[in-house]
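Residue numbers are given in the UniProt record's numbering: position 302 of the sequence shown equals residue 302, and the series is strictly consecutive.
Glycine is no exception: its CB is placed at the ideal position from the N, C-alpha and C atoms.
Quick notes on the structure that follows.
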Amino acid sequence: MSSPANFDELDLFVWEGKADILDRIARCMASFDVEVIRADGLATPEPERGVATRPSVAVISVTVIDGGGLAQATERLQGMPVIWVAAGSRERDSRTYPPEYLHVLPYDFTCAELRTMVAKLVRQLRAREVAPQAPDVLVAHSDAMKALLAEVNAFADCDHSVLVRGETGVGKERIAQQLHLGHQHYGKGAFVAVNCGAIPDGLFESLFFGHTKGSFTGAVHAHRGYFEQATGGTLFLDEIGDLPRYQQVKLLRVLEDSAVTRLGATSPIRVDFRLVAATNRNLREMVASGDFRADLFYRLAVIELHIPSLEERGEVDKIAIFKALLTNVLGDELEVLGETPHWLSDAVAETYFPGNVRQLRNLAERVGVIARQLHCWDQNLIQRAIALTRGTPTPSPSGAGGGMNGSGGASLDGSGDRKGWNSGERNRIIAALEINDWKRQDTAQHLGISRKVLWEKMRKYQILDGEPGIPEEQ
């Protein structure tokens with residue numbers, strides 16, 4: 001062990017059952033700032049000194065299982081990593097021990113073996129504290145994604161507003177973060193992300209503009225709104241198409257005046273931030289229908305970026321993203337499991353993910369749980385998990401992806417084969433309908449088209465509510 005101090009200031013909870021391991025563990029850790037605590041019979045496994053910031057690791061003897069104390073111990077673990085001290089005759093027998101049976105020491109473990117394993121788990125715990133929400137790896141092997149990142153790099157260090165378009169789950173906030181980090185001035189400030197579709201009615205002014213103490217019932221403290229919080233940094237407005245018109249005009253006024261007035265105040269406050277907005281809806285159609293203000297749209301879309309869907313990005317990005325996400329899920333356990341099997345990569349490549357990267361992340365988490373629990377790449381269970389995804393396999397038209405509303409893929413403009421039937425487009429519409437429980441308005445928003453266009457496409461492809469039909473010969 002290169003650095004014993006890695007597990008200084010540690011609480012080590014020991015369930016020894018019928019084994020005699022507590023005293024041995026205490027002797028092994030005597031020279032470090034480690035408190036070894038007998039956990040058998042404790043109502044709550046908390047150290048007496050009550051230091052909440054100290055990492056905690058559990059050591060459980062397999063005799064706890066035989067004594068019927070496993071369920072009680074499991075309830076008290078509270079997310080602690082577990083080291084199992086196993087009897088040699090049953091070591092690593094997954095039929096006998098629980099699925100979390102990953103870190104195992106022999107009954108006659110040495111001090112060096114114990115310290116090494118504890119230090120490894122503590123390093124993992126502290127890494128999570130430093131970066132509890134580590135960003136996903138930004139994969140860009142496909143031409144479509146390389147082109148996007150080239151645009152991001154070109155426009156990151158300008159002060160103008162950016163509108164990021166893309167289907168649900170493609171990673172619009174991640175691109176917004178790249179734009180933020182690439183700005184010499186605003187990149188040093190805060191990145192304030194706001195979901196415009198989740199703002200409660202009546203709270204827009206308070207949340208965005210802030211309020212003074214006593215400005216309304218319950219305002220016991222002054223509050224800085226999102227505009228002030230983002231000053232010196234980037235304000236990211238996700239789902240900007242969900243912002244009601246009366247709120248759109250207030251946002252436009254702030255962009256024009258670069259000033260806000262808190263509720264209950266009389267003096268304006270200067271604000272200075274870079275605005276990045278994102279949407280999966282067609283704002284141009286919303287402008288034409290009167291649902292979105294034209295003046296605000298042109299203020300937002302000084303620079304417009306389109307994020308390609310997974311289908312547009314193709315197999316190479318699908319596989320690379322999946323492996324990166326799976327590595328995040330499994331961590332060091334991936335070394336034990338070995339390289340991702342080819343059949344798994346092929347299955348991911350052939351699967352259509354209407355939920356894009358978000359849905360691919362969900363699959364990676366499922367596969368990671370299966371592999372971790374069973375200690376192997378169980379093909380039957382993993383194939384079942386893949387089959388349960390909502391998407392369906394679909395061919396890539398003309399070698400490109402299957403984006404619904406972006407460049408480079410099949411579009412909802414009537415293009416298709418000589419009979420007017422684009423099978424890839426039809427499959428994507430059906431998949432989107434299934435995801436949204438066949439609700440046309442939600443499906444249209446999901447696809448970034450109007451409800452009228454969706455209805456026309458459903459009639460064209462003979463897609464009945466809840467039961468897709470077969471298009472007739474034309």
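Cβ neighbour criterion (16 or more within 10 Å) applied to residue i
{"i": "VAL260", "result": "buried"}
{"i": "VAL249", "result": "exposed"}
{"i": "VAL271", "result": "buried"}
{"i": "HIS306", "result": "buried"}
{"i": "ARG24", "result": "buried"}
{"i": "ASP11", "result": "buried"}
{"i": "HIS185", "result": "exposed"}
{"i": "residue 478", "result": "Residue 478 is absent from the structure shown; the chain starts at 1 and stops at 474."}
{"i": "PRO244", "result": "exposed"}
{"i": "GLY197", "result": "exposed"}
{"i": "TRP455", "result": "exposed"}
{"i": "GLN229", "result": "buried"}
{"i": "CYS28", "result": "buried"}
{"i": "GLU312", "result": "buried"}
{"i": "PRO81", "result": "buried"}
{"i": "VAL336", "result": "exposed"}
{"i": "SER267", "result": "exposed"}
{"i": "GLY109", "result": "Note on residue identity: the sequence assigns Phe, not Gly, to residue 109. With 16 or more Cβ atoms within 10 Å of its Cβ, PHE109 is classed as buried."}
{"i": "HIS160", "result": "exposed"}
{"i": "LYS146", "result": "exposed"}
Simplified DSSP state of residue i, which is helix, strand or coil
{"i": "HIS180", "result": "helix"}
{"i": "GLY210", "result": "strand"}
{"i": "ALA156", "result": "coil"}
{"i": "ASN280", "result": "coil"}
{"i": "HIS446", "result": "helix"}
{"i": "GLU236", "result": "Here residue 236 turns out to be Phe, not Glu, going by the sequence shown. If DSSP states are grouped into helix, strand and coil, PHE236 belongs with the strands."}
{"i": "VAL192", "result": "strand"}
{"i": "SER56", "result": "strand"}
{"i": "SER61", "result": "strand"}
{"i": "ARG262", "result": "coil"}
{"i": "ASP33", "result": "coil"}
{"i": "GLU304", "result": "strand"}
{"i": "ARG293", "result": "coil"}
{"i": "PHE13", "result": "strand"}
{"i": "ILE199", "result": "coil"}
{"i": "LEU275", "result": "strand"}
{"i": "VAL170", "result": "coil"}
{"i": "TRP455", "result": "helix"}
{"i": "VAL139", "result": "coil"}
{"i": "LEU243", "result": "coil"}
{"i": "ALA387", "result": "helix"}
{"i": "ASN405", "result": "Since pLDDT at ASN405 reaches only 39, below the 50 mark, its modelled position is unreliable, and the value read off the structure follows with that caveat. In the structure shown, ASN405 sits in coil (DSSP, three-state: anything other than H, G, I, E or B)."}
{"i": "ILE83", "result": "strand"}
{"i": "ILE21", "result": "coil"}
{"i": "ALA410", "result": "Note that ALA410 scores a pLDDT of 40, beneath 50, so its modelled location is shaky and nothing firm can be said."}
Option in the options with minimal Cα separation from residue i
{"i": "ALA432", "options": "ARG372, ALA147, GLN462, PRO354", "result": "PRO354"}
{"i": "CYS111", "options": "HIS375, ALA30, ALA265", "result": "ALA30"}
{"i": "GLY214", "options": "ALA265, LEU252, ASP242", "result": "ALA265"}
{"i": "LEU125", "options": "GLY17, TYR107, GLU9, ARG27", "result": "GLU9"}
{"i": "PHE32", "options": "GLU173, ARG115, ASP143, GLU434", "result": "ARG115"}
{"i": "PHE209", "options": "VAL170, ASN362, LEU255, ASP40", "result": "LEU255"}
{"i": "LEU105", "options": "VAL59, ALA140, GLU311", "result": "VAL59"}
{"i": "HIS223", "options": "ARG253, LEU263, LEU251, TRP15", "result": "LEU263"}
{"i": "HIS183", "options": "GLY233, ALA150, ILE463", "result": "GLY233"}
{"i": "GLY287", "options": "TYR107, HIS103, SER450", "result": "The sequence shown places Val at residue 287, rather than the Gly named in the question. The candidate whose alpha carbon is nearest that of VAL287 is SER450."}
{"i": "LYS18", "options": "TRP377, VAL336, ALA86, ASP143", "result": "ALA86"}
{"i": "PHE273", "options": "PHE227, GLN247, CYS158", "result": "PHE227"}
{"i": "ILE386", "options": "LEU344, LEU148, GLU285", "result": "LEU344"}
{"i": "GLY314", "options": "ARG38, LEU447, ASN356, ARG366", "result": "ASN356"}
{"i": "LEU149", "options": "LYS120, PRO308, PHE13, GLU285", "result": "PRO308"}
{"i": "ARG281", "options": "THR168, TRP377, LEU138", "result": "THR168"}
{"i": "THR231", "options": "TYR246, ASN195, ILE269, LEU326", "result": "ILE269"}
{"i": "ASP295", "options": "LEU252, VAL139, THR63", "result": "LEU252"}
Min CB distance residue i to chain C below 9 Å
{"i": "GLY214", "result": "The displayed structure is made up of one protein chain only, and chain C is not part of it."}
So, does the region 237 to 250 touch the region 265 to 281, judging by three or more C-beta pairs under 8 Å?
yes
Margin query: At 4 residues or longer, what runs of the alpha helix (DSSP H) sit wholly inside the region 315 to 370?
Written below: 315 to 330, 333 to 337, 342 to 350
Indicate whether the contact test is met: 3 or more Cβ pairs, each with one atom in the region 347 to 363 and one in the region 315 to 325, closer than 8 Å. yes
Review point. Do the region 285 to 302 and the region 173 to 181 make contact, defined as three or more Cβ pairs closer than 8 Å?
Key: no
- Query: Is the region 199 to 219 close to the region 337 to 345, with three or more CB pairs under 8 Å?
  - Reply: no
query: Contact between the region 188 to 202 and the region 328 to 335: three or more CB pairs below 8 Å?
result: no
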